[in-house]
Each structure stands twice: as C-alpha cells, then as structure tokens.
Amino acid sequence: MTEPMTAPSSPKPSSPAPMSVPKFMAAKGRDKKLTVLTAYDYPFARLFDQAGVDALLVGDSLGMVVQGKSTTMPVTLDQMIYHGEMVARAATRSLVIVDLPFMSYQVSPKQAIKNAGRVLKETGAGAIKVEGGVHLAGTIRALSEAELPVMAHIGMRPQSVRKMGGMSKVQRDEASLLADAHAAEDAGAFGIVLELIPRGIAAKITKELSIPTIGIGAGPDCDGQVLVSYDMLGLTADFKPRFLKHYAELHSTVADATARYIEEVRDGQYPDAAHSHE
Ligand code: KIV
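Take 40 as the starting number for the sequence shown in this note's numbering and just add one per residue.
Written out as structure tokens, the structure is:
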C-alpha cells in the first residue's frame, strides 16, 4: 500500500479559474477547442485536471472499461454516484459532468429530475449528461427548467444499442441528426456530444447550433473533443476504431512492469537492501 494522496483543497493561486457551465458555453467558436476526457476515479481525475482538461466526463462507459461488461446498460445510478463523487473530489478546475445511466431518466421527466438532483447533490459534479435528441426533448427541457445543467448526446447512443443494432455503427441520417441537435438545443441543453457521425454532418450541426458540440468519432470541426481516457491512453489495446488515437501505450507499460515485478520477486531480487528497513 502506498501513502494516500492528499486531496488538493483548493486551486493554487496560479492555476486557471475553475471551468463553469457558462464558461464552457462561452468557449463556442473560440480559437481553442474544448477538451473533455472520461474519468472514473480519483488518481486519473487528478492527473487530467492538473493537466488542464476543460471537463471530466464520468461516462457510463465505465460499465465497459472499468467493469468489463459488453454494454453500458447494466450501470446503476448508485455506481455513477460512487464514481462521480471520487472524480468531483479530485477536480480543482475541470467541469465535472456525470452520465445519467440507462433507465434512470427515460421513464419520465420527474424521474430524470429526481435522479439528476441526486447526482449533483451527492457527487458535487457540475452537470449531467443524457442520451437523446427529439425523443428526449421534454426531459431535457424539464431538467433545464429545474436549473440542472444538462448536456445531450446524439448520433450513436450506447444506451440504445439494442435498438441501433451495434456500438460502432456510424449514424448517417443527416435530417434526423440535425433535428436531434436542434431539439436538444431548443430544450435547453448547454452542450451536446456528437458520437460516430460523418464529419460533414458534424460540421453542419456545429455551425447551426449556438451551444458547443463535443465530438467523438465526428471529425475535426466540432467545438471540442472527448475520448474515453482508457482508450486514449492505450489501456484497452484491442479496441481500435478508426477515430481513436493512442497518446500512450499503457497496456504494454503495465504488462512490462508487472512481468518485471513477478520475475524479480520470484528470483529474490526484490526487495533488495535499498528497499528494506534495517
Ligand atoms: O460514456 C461515455 O464515456 C460517453 C462518451 C463516449 C462520450 O458517453
């Protein structure tokens, strides 16, 4: 067991001011694109926050990349709150956005408000995200009118994988994507994730909306980008969609370090004198 990390109490005077929902919205159309990464625990959230990422998304992708399940659908509200609280505690300046998981908001606007309220109250996060456009507009409006900052998510919607027929299908119906994007904005979403859509359609949506678009597999013209951090860091080595770029190869770093540890312990090389108490 290593020594526990101490929670940074407040941002250092020199660190940039915390990101808020209004600031996030104001970044639309600026030269510098918005940066978003998923985070699920304290150590990674702290590293991403200190590196200067604008927002940390506690994605329900944790069902797949943390829990090892094949979809995001089994993730519960309590699990999102558990992870959201750890991430929010680590964030000194990034805006923390927590996904509402499958079936925690689809039943009714009342259910959505109750569960979104729980998430914001119990985690300390700044906003929540839901998947949907036209069909979810009433719920997005209700959340927004209850003053709960809500981000929408259109294109490939992993919680609807059963209906959409696969996780990796690029969504190409321009008319319905534009309708979804406008419906989310009109209902009061402060931002919108565009997942797996052709770059031309993403560019058009970005031009037509006045809220920031955050792309994943949606090309370079969005107002910002989001990646699942474990994918971006190369921890999930077998997952290689076209849009993904590895900025590290943690899969091999961890495998090599573990192999060396096993070898050194088995051979009696570790712990040596330098790593032993007299
Ligand atoms: O759950 C998640 O990580 C997400 C991102 C892929 C946008 O929704």
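Backbone N, C-alpha and C define an ideal beta-carbon position, used for all residues, glycine too.
Note that the coordinates shown come from a computational prediction; the quantities given were computed from them, not determined experimentally.
{"Asked": "Going by CA-CA distance only, name the one from Asp117, Gln150, Gln145 that's closest to Val137.", "Found": "Asp117"}
{"Asked": "CB Asp260 to CB Arg238, shorter than 8 angstroms?", "Found": "yes"}
{"Asked": "Kindly provide the chain-ordered list of residues whose Cβ lies closer than 7 angstroms to any non-hydrogen atom of the ligand KIV.", "Found": "Thr77, Leu96, Gly98, Asp99, Ser100, Thr111, Asp138, Lys168, His192, Pro197, Val232, Glu234, Ile255, Val265, Val267"}
{"Asked": "Check each candidate in Phe141, Ala228, His290 and name the one with the smallest Cα separation from Ala181.", "Found": "Ala228"}
{"Asked": "Is the region 163-170 close to the region 184-196, with three or more CB pairs under 8 angstroms?", "Found": "yes"}
{"Asked": "Could you spell out the range, first to last residue, of the alpha helix (DSSP H) harbouring Met195?", "Found": "That residue, Met195, is in no alpha helix (DSSP H); it is neither H nor E in DSSP."}
{"Asked": "Would you decide whether Gln308 is buried or exposed? Buried here means 16 or more other CB atoms lie within 10 Å of its CB.", "Found": "exposed"}
{"Asked": "For Met125, which option in Gly107, His285, Asp80 has the closest C-alpha, if you only look at C-alpha atoms?", "Found": "Asp80"}
{"Asked": "Which class does Gln152 belong to by DSSP, given the choice of helix, strand or coil?", "Found": "The residue asked about is misnamed: residue 152 is Ile in this sequence, not Gln. Ile152: helix per DSSP, three-state reduction."}
{"Asked": "When the Cβ atoms of the region 190-200 are set against those of the region 149-163, are three or more pairs found closer than 8 angstroms?", "Found": "no"}
{"Asked": "Would you mind working out which of Met58, Met119, Val200, Thr111 sits nearest Ala130, comparing C-alpha positions?", "Found": "Met58"}
{"Asked": "Which residues does DSSP pair with Lys168 in a beta bridge?", "Found": "Asp138, Met190"}
{"Asked": "Quick one: what's Val9 bridged to in DSSP?", "Found": "Lying outside 40 to 317, the shown extent of the chain, residue 9 is not represented and no answer is given."}
{"Asked": "What whole-angstrom Cβ distance do Leu95 and Asp88 have, given they're in contact under 8 angstroms?", "Found": "7 angstroms"}
{"Asked": "Which same chain residues, not among the five before or five after Gln150, have their C-beta less than 8 angstroms away from its C-beta?", "Found": "Ser143, Tyr144"}
{"Asked": "Would you tell me roughly how many angstroms separate the C-alpha atoms of Met40 and His122, rounded to the nearest one?", "Found": "Its pLDDT being 49, under 50, Met40 is placed unreliably by the model, and the measurement read from it follows with that caveat. Taking the straight line joining both Cα atoms gives about 21 angstroms."}
{"Asked": "Assuming Phe63 and Gly230 are in contact, meaning their beta carbons sit under 8 angstroms apart, how far apart are those beta carbons, in whole angstroms?", "Found": "6 angstroms"}
{"Asked": "Taking Cβ to Cβ, would you say Gly177 is nearer than 8 angstroms to Glu234?", "Found": "no"}
{"Asked": "Could you tell me which of Met119, Tyr300, Arg201 sits nearest to Asp99, measuring between CA atoms?", "Found": "Met119"}
{"Asked": "On a Cα-Cα basis, can you pick out the residue from Ser249, Lys208, Val114, Val265 that is closest to Ala226?", "Found": "Ser249"}
{"Asked": "Beta carbon of Gln264, beta carbon of Val135: below 8 angstroms?", "Found": "no"}
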